[in-house]
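S.K.:
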Amino acid sequence: MSDTKEQVKQFILEQFLPGAEPDELTDTTPLISGGILDSLATMKLVTFIEQTFGITVQAHEADEDNLGTLRDIERLIRSKR
Amino acid sequence: MNQNGALSDTASVRTTFDLVSLSRLFGIAGQFALLVLLVRQFEIESRAFFQLSVLAWCGFVVHAILPLKWRLPFFAALSVASILVVLGVEVGLWLFGLGLLLIGLCHLPIDFWKRVVLIAAVASIFALMRAGLLEAPWSGAIWPILGSMFMFRLAIYLYDLRHRKIQPSLARTIGYFFMIPNVCFPLFPVIDYTRFNKHYYDQEDYLIYQRGIEWMFRGIVHLLLYRLIYHNFVLDPSEVNSIGTFVQYSLAAFLLYLRVSGLFHLAVGMLLMFGFNLHETHRLYYFASGFTDFWRRINIYWKDFMMKLFYYPVRFYLRGSGEFTSILIGTLVVFTGTWVLHSYQWFWLRGDVLLEWHDGLFWAILAVLVIVNSLYELKHPPARDLGGRAWTPLRFAITACRTAATFITICLLWSLWSSDSLAQWLSMIGKTGVGGIALFMAPPVLFGVARLLKPLEQRVIKQGGRIQAPPPRTIFWRSVAITATASVALILLRLPAVYTELPTVAVVAIKTAFNTGLNERDKTLLVRGYYEHLMAVNRQNTALRELYSKRPAGWDSFQDTAGWRQRPDFLDGEVRPNLEMSFKGAMLRTNSWGMRDREYALDKPNDVFRIAALGASTVFGSGVEDHQTFESLFESELNRNVVGKAYAGFEVLNFGTPARLGLRQLIALREKVFDFDPDAVFYFAHLQDLTFPINHLSQALRDGKEIPFDYIRQLLVQAGVSRDMLVDDIRIALQPHAHAIARWTYEQIVQDCKARGVAPVWVYLPATNERSATKEAAMLTETARIAGFVVLDLGDIYRGHGQTKLALAEWDNHPNALGHRLLAEGLYRVVHQQQEAVFGRIVLQTAPVATASIQSSK
């Protein structure tokens, strides 16, 4: 797993899934449709991504396409760097 | 599907068929056929929906075996075909053309915001047409469907175009806007364009189809449950007089939402049959365990729409202002927007604006609850899990407390939303006593208990006491077996040979499930609606609202037309003289006396027997031509059959006036009718003789109008009513006196008639949906007889004729031309039988003429 993905994964585990087994959160685990990221959590995640990776996420990018899975998040971050 | 609309690598779309895949397809097609049969057996929605279901089934079978590249164009073509089938070619082509215009504007090669301005300008013109301020060259039937297809989807489409979320194609866009179930469902889920495209065949096709089958079946079950509740549990606010009835009122109000979730499951389930792997529209919303949870479960598509277009843009814009501020403002914008957009939707579906303060209060309270819950979740994030947590007794207890608290709160809120006004709701609360206080205290207490137990659950989790629940599995053939068996069971239950063998409770439930008509309360409201011009239906009353949404523009109460002249007294108004106007599709003329009749001299000719016909809108002849009214036909028949030398002919003067029954007829009799020197007064009565005088008195008292007659004024004092009470409360207090008022009115009419040597005749006119005598009708008949009327009963006049053949329209119970002809035939027959009592002698031929040829000569 890349550094970017690992950092995001750790954030999600610590903030939203305390006590979960890290291996259960995979690249393709559905974060939004799976109920892990609601609107409040999504905004927290966006703030983390922006502050950690120095990018700006737009409102229309806060959706399943870009934040649906760890793989999607990594692709979003890479596209903006 | 990727951003360019091509199927992703993970899609699994079968293009060749083996035995396994064919058997799956047969299983799915077979279940779909059973569902279509269910739609027919239980008359789910309209006949048009059944036709659409058949078309969808045929379309599915073809679609499922087509090569993938043809499926989207086929779906688009099928959707357009469904519009032509349901609306007709002309109207359908107009709808399609107007839709293409709107879509075309989205793709003009000009700056995006200029396109938005152009679209807004065109939409404004459409709005003026919808409101009836501009004439449109197309049928008004287009508006609810055009509105439903474009009012929200256009905004999403433009948003996604702007942000280049997907590259549209003609087939995709036409399929999106004109999608097949929408033509039958003006109320339709707000489907996201990106999701519509992204999740196209993104899973094994048979799994998508089977989920579609499950959802359509669930939708049908929701709609049947809705009927059960609608016909058996709904209470009118006037019936709420205790904590028990208030609980029933609130519960029924919330449970009626099953209609919306049922329709949405049906609609989206049908889309899944064509490969659009959309998510659920509702998810166990009755079991929400918090207000944010409720918001996320009920009408999920609406929530997603508001999040995408309003919430996230506001929250991103206000990021720098802190979480508290951005959550507060973001949520307020969402709920204010929801309130306004619901009224915007209402406008397109109904043609008028419904923006009421107690409606706004509902959304404001819900907004506050969601904000408080959101802020709480910021500090105390809800438990999330990857594997699905098992249900421990502690978790069950906490969730049960939270769910009960949420459910009670939402029921209370829904009861507010379903009331006609805040004052009415508070009046109901006032009747609940100590029980009401307990009801309002229950949610905070239950939330408090859940909060106290929460630390215990967290301690258990930290100690490693959490057990991983096994993940759910989809088993295709088990789902097929369950759905198919349940569908067959329901179909069999519909057969009289089957359900009559069941216990009585089950028989009542099944009969309710296939009752597609209005419940008793709404039948009363429907009648009151066109008598008392109460067309402002509470939007939660989906049954009556949908009925009214089918009314063409201009189909109003007569009191809302130029033909009505208001009066400041108890009579409230009267029909204008010398009218010539179209009303409910028929020409209507009045003479110089304001009667819907030919011209008559005030002085009666010596050799004529003059009958004064008193009655309401049926006597008036709402919705039929002048020569088709039963009064006109009856007069003609009398004149064709007169015998002897006593009279050269008959005159029947039509004093029928909409909404005029009971006390108002007594006033009109004294004020006007006797001036014409009638030989007989025919008082045409309805069941509403027991209710309308109460309604009129209640409203008149509330409006400060002078109450006529000493007897009535004394009765009001006796009933303890006063002007500062709510109309509903006055009505409830007066209801026990309904029969006394009717009896006194009849006695006065008879006394007045007999004092003038006028024969008083009482005729019972049934409603077009009355097939046998009711208890109230029998009581009224006996009351009239005791008062001294000659009683003529037409109670079974419509027997053997279906109501749809007799009523003006689905939304209007007044008799049509056939109904009037039956009334005329029946009236002539009973008058002929009792002519000595009516005329004092034999004046008509010995046997009634075959009335099939009955015609008016007016």
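Line order of the protein sequences matches chains B and R.
Residues 1 to 81 (our numbering) make up the first sequence, in order.
Residues 1001 to 1858 (our numbering) make up the second sequence, in order.
C-beta atoms are modelled at their ideal positions from N, C-alpha and C, and glycine is treated no differently.
Please read all numbers here as calculations on a predicted model, not as lab measurements.
Mind listing which residues of the stretch 1304 to 1315 of chain R have their C-beta closer than 8 Å to chain B's C-betas, in chain order?
M.R.: 1307, 1308, 1311, 1312, 1313, 1315
S.K.: Please tell me whether residue 1723 of chain R has its Cβ less than 8 Å away from any Cβ of chain B.
M.R.: no
S.K.: Using the rule of at least 16 other Cβ atoms within 10 Å of the residue's Cβ for burial, across every protein chain shown, is residue 1662 of chain R buried or exposed?
M.R.: When all chains shown are included, residue 1662 of chain R counts as buried.
S.K.: Pick out the complete alpha helix (DSSP H) segments inside the stretch 1711 to 1764 of chain R, 4 residues or longer, and give them in chain order.
M.R.: Runs of the alpha helix (DSSP H) lying entirely within the stretch 1711 to 1764 of chain R, each at least 4 residues long, are 1727 to 1734, 1738 to 1755 in chain order.
S.K.: Please state whether DSSP places residue 1905 of chain R in a helix, a strand or coil.
M.R.: Residue 1905 of chain R is absent from the model: chain R starts at 1001 and stops at 1858.
S.K.: Between which two residues does the alpha helix (DSSP H) harbouring residue 1150 of chain R extend?
M.R.: 1142 to 1150
S.K.: Should residue 1226 of chain R be labelled buried (16 or more other beta-carbon atoms within 10 Å of its own) or exposed?
M.R.: buried
S.K.: Buried or exposed: where does residue 23 of chain B fall if 16 or more other Cβ atoms within 10 Å of its Cβ makes it buried?
M.R.: exposed
S.K.: Please list the terminal residues of the continuous beta strand (DSSP E) segment that includes residue 954 of chain R.
M.R.: No statement about residue 954 of chain R is possible, as the shown extent of chain R runs from 1001 to 1858 and does not include it.
S.K.: Candidates R/1585, R/1648, R/1284: which alpha carbon is nearest residue 1606 of chain R's?
M.R.: Taking only the C-alpha atoms, the option nearest residue 1606 of chain R is R/1648.
S.K.: Residues bridged to residue 1589 of chain R by DSSP?
M.R.: Answer by DSSP bridge pairing, in chain order: R/1580.
S.K.: Tell me the rounded alpha-carbon separation between residue 1725 of chain R and residue 1702 of chain R.
M.R.: 7 Å
S.K.: To which residues of the same chain is residue 1424 of chain R closer than 7 Å at the C-beta, ignoring the five residues directly before and after it?
M.R.: 1237, 1726, 1728
S.K.: Can you give me the start and stop residues for the beta strand (DSSP E) that residue 1110 of chain R sits inside?
M.R.: No beta strand (DSSP E) contains residue 1110 of chain R, which DSSP labels as neither H nor E.
S.K.: One question on the structure: do residue 1787 of chain R and residue 1746 of chain R come within less than 8 Å of each other, judged by their Cβ atoms?
M.R.: yes
S.K.: Answer yes or no: does any C-beta atom of chain B fall closer than 8 Å to that of residue 1018 of chain R?
M.R.: When Cβ-Cβ separations below 8 Å define contact, residue 1018 of chain R makes no contact with chain B.
S.K.: Which residue's Cα is closest to the Cα of residue 1818 of chain R: R/1580, R/1186, R/1623?
M.R.: Measuring from the Cα of residue 1818 of chain R, the nearest candidate turns out to be R/1623.
S.K.: Would you kindly work out how many angstroms separate the C-alpha atoms of residue 1792 of chain R and residue 1785 of chain R, rounded to a whole number?
M.R.: The C-alpha of residue 1785 of chain R is placed about 10 Å away from the C-alpha of residue 1792 of chain R.
S.K.: Drop a sphere of 10 angstroms on the beta-carbon of residue 1058 of chain R, count the other beta-carbons inside from all chains shown, and report buried for 16 or more, exposed for fewer.
M.R.: exposed
S.K.: Report the partner residues of residue 1792 of chain R according to the DSSP bridge assignment.
M.R.: R/1763
S.K.: Decide if residue 1355 of chain R is buried, meaning its Cβ has at least 16 other Cβ atoms within 10 Å, or exposed.
M.R.: exposed
S.K.: List in chain order: all unbroken beta strand (DSSP E) runs of 3+ residues lying wholly within the stretch 1258 to 1285 of chain R.
M.R.: none
S.K.: Give the DSSP-derived three-state secondary structure of residue 1235 of chain R in the structure shown.
M.R.: coil
S.K.: With 9 Å as the C-beta to C-beta threshold (strictly closer), list the residues of the stretch 29 to 40 of chain B near chain R in chain order.
M.R.: 29, 33, 34, 35, 36, 37, 38, 39, 40
S.K.: With a threshold of 8 Å between beta carbons, is residue 58 of chain B in contact with chain R?
M.R.: yes
S.K.: Tell me which same chain residues have a C-beta within less than 7 Å of the C-beta of residue 949 of chain R, skipping the five on either side of it?
M.R.: Since the first residue shown for chain R is 1001 and the last is 1858, residue 949 of chain R is missing from the structure and cannot be characterised.
S.K.: Could you check where the alpha helix (DSSP H) with residue 1496 of chain R kicks off and where it finishes?
M.R.: Taken as a continuous stretch (DSSP letters only), the alpha helix (DSSP H) holding residue 1496 of chain R covers 1496 to 1499.
S.K.: When you compare the stretch 1258 to 1273 of chain R with the stretch 1175 to 1187 of chain R, are there three or more beta-carbon pairs, one atom per stretch, that lie closer than 8 Å?
M.R.: yes
S.K.: Within 8 Å of any Cβ in chain D, is that where the Cβ of residue 16 of chain B sits?
M.R.: Given the protein chain composition of this structure (B and R), no chain D is represented.
S.K.: How big is the Cα-Cα spacing for residue 1512 of chain R and residue 1239 of chain R?
M.R.: 21 Å
S.K.: Against chain B, with Cβ distances strictly below 8 Å, would residue 1214 of chain R count as a contact?
M.R.: Chain B, which has no Cβ nearer than 8 Å to the Cβ of residue 1214 of chain R, makes this no.
S.K.: Report the residues of the stretch 1558 to 1586 of chain R with a CB closer than 7 Å to any CB of chain B, ordered along the chain.
M.R.: none
S.K.: In whole angstroms, what separates the C-alpha of residue 1254 of chain R from that of residue 56 of chain B?
M.R.: 43 Å
S.K.: Is it right to say residue 1646 of chain R is buried, meaning 16 or more other beta carbons lie within 10 angstroms of its own, or is it exposed?
M.R.: exposed
S.K.: Residue 1647 of chain R by DSSP, collapsed to three states: which one?
M.R.: coil
S.K.: Quick check: is the beta carbon of residue 1374 of chain R nearer than 8 Å to any beta carbon in chain B?
M.R.: yes
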